[in-house]
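Below: one structure, written as structure tokens.
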Amino acid sequence: MDVNAADMNAAEINPALPIAQGGKTIYGAALGILMLEARFPRIPGDMGHAGTWPFPVLYKVVRGASPERVVRQRADGLLDAFLAAADELIRDGADGITTNCGFLALFQQQLAAHCRVPVASSALLQLPLIQALLPPDRQVGIITVDSASLSQDHLAAIGLPADIPIVGTENGREFSRAILGNELTLNVALARADLLQAGQDLQRRYPEVGAVLLECTNMAPYSADLQAALGLPVFDIVNFINWFHAGLRPRRFRYPEA
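My numbering puts the first residue of the sequence shown at 1136, with every later residue one more than the last.
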């Protein structure tokens, strides 16, 4: 029996399969991460360590964006470089953008307006939500890599009030020295001790603190230890970006068909 072209087409097309859509270079990685140009070690839990994420990510290094320049020099002259790098990530396939430095809250509005995709520039964006979770007599406290550099401008850029309890790790032995100094080695035990000391300082100086927010993206490896030591909830960039990614790629559930 002869089979005409229409019958062949009908036989070869599986109506249960959707039509695949193009337009990207890379598929399956919804999150794009703008990286500082740095050489210090990135251990598991650091957002610059790809093994931190339970999903694939896209990375783009912003050349010239050293830790010193971004943190202590307010990323001066780097906005265009961050915008261009975000454009590359989006062209490659990212559906959302984040960065690996909390001080880039300064660029939140510019990045969001330029990218036209969701942008989570800083862990500090979580603060209003965390505050809403707490009793009225409790407050969120911030631990940062450099308290002298985390200015009111950084807070105001994302709509945060000026009277937030803040302590830094800059007086410790290892963490800030290695990160801001862009060192080739990191003593993890000493870095952990610096975070614990900063948390204890925060709790002692501000007894009203009911939750801790870690500004620095390199602090997330120590969150569990800090929570255990302080007995307070600890929020960091990793749990924030896991939440962010869940909106970009919601979990698909199987449900009964009608």
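Glycine included, each C-beta is placed from N, C-alpha and C at the ideal position.
Item, Value
"Could you spell out the range, first to last residue, of the alpha helix (DSSP H) harbouring V1280?", "No alpha helix (DSSP H) contains V1280, which DSSP labels as neither H nor E."
"Would you list, in sequence order, the uninterrupted beta strand (DSSP E) runs of no fewer than 3 residues that lie entirely inside the region 1249–1284?", "1274–1279"
"So the candidates are N1353, G1294, A1381 and P1385; which of them puts its Cα closest to the Cα of T1304?", "N1353"
"Leaving out the 5 sequence neighbours to the left and right, which residues in its chain are closer than 6 Å to A1255 when beta-carbon positions are compared?", "T1233 and F1379"
"Which same chain residues, not among the five before or five after A1283, have their C-beta less than 8 Å away from its C-beta?", "G1303 and E1305"
"May I have the straight-line CA-CA distance separating Q1266 from A1297, to the nearest angstrom?", "14 Å"
"Enumerate in chain order the residues of its own chain whose CB-to-CB distance from L1331 is below 6 Å, with the five nearest sequence positions on each side excluded.", "A1364"
"Beta-carbon within less than 6 Å of A1362's beta-carbon, same chain only, minus the 5 sequence neighbours each way: which residues are those?", "Correcting the residue identity first, residue 1362 is Gln in this sequence and not Ala. So the list reads V1369, once near-sequence residues are dropped."
"Once you ignore the five residues that flank I1178 on each side, which residues in its own chain have a CB closer than 8 Å to its CB?", "H1184, L1321, V1323 and P1356"
"Identify whether D1181 lies in helix, strand or coil by the three-state DSSP scheme.", "strand"
"I'd like the span of the beta strand (DSSP E) that includes G1199, first residue to last.", "Neither: G1199 is in no beta strand (DSSP E) and is coded neither H nor E."
"Would you please state the rounded distance, in angstroms, between the beta carbons of A1220 and V1206? I believe it to be under 8 Å.", "At roughly 18 Å, the Cβ-Cβ gap does not stay under 8 Å, so A1220 and V1206 are not in contact."
"Below 8 Å on the Cβ atoms is my guess for K1195 versus L1169; work out the distance and round it to an integer in Å.", "6 Å"
"Inspect the beta-carbon positions of A1258 and G1237 and report whether they are closer than 8 Å.", "yes"
"I'd like the span of the alpha helix (DSSP H) that includes I1314, first residue to last.", "F1310 to L1315"
"What are the residues that DSSP puts in a beta bridge with I1232?", "G1167 and V1254"
"Is the Cβ-Cβ distance between L1193 and D1222 less than 8 Å?", "no"
"Can you give me the Cβ contacts of R1384 inside the same chain, cut-off strictly under 6 Å, excluding the 5 residues immediately before and after it?", "A1165"
"Exposed or buried, what is I1314 when buried is set at 16 or more other beta-carbons lying within 10 Å of its beta-carbon?", "buried"
"F1379 by DSSP, collapsed to three states: which one?", "helix"
"Is L1171 near S1201, with beta carbons less than 8 Å apart?", "yes"
"Contact defined as beta carbons within less than 8 Å: I believe F1375 pairs with Q1287. What is the distance between those atoms, to the nearest angstrom?", "Going by Cβ atoms, the distance from F1375 to Q1287 rounds to 22 Å, so no, they are not a contact pair."
"Is A1346 near L1295, with beta carbons less than 8 Å apart?", "no"
"From which residue to which residue does the alpha helix (DSSP H) around L1290 run?", "Q1287 to A1292"
"Just mark L1152 as buried or exposed, buried being the case when its beta carbon has 16 or more other beta carbons within 10 Å.", "exposed"
"Would L1337 pass as a contact of D1371 if the rule is Cβ separation under 8 Å?", "no"
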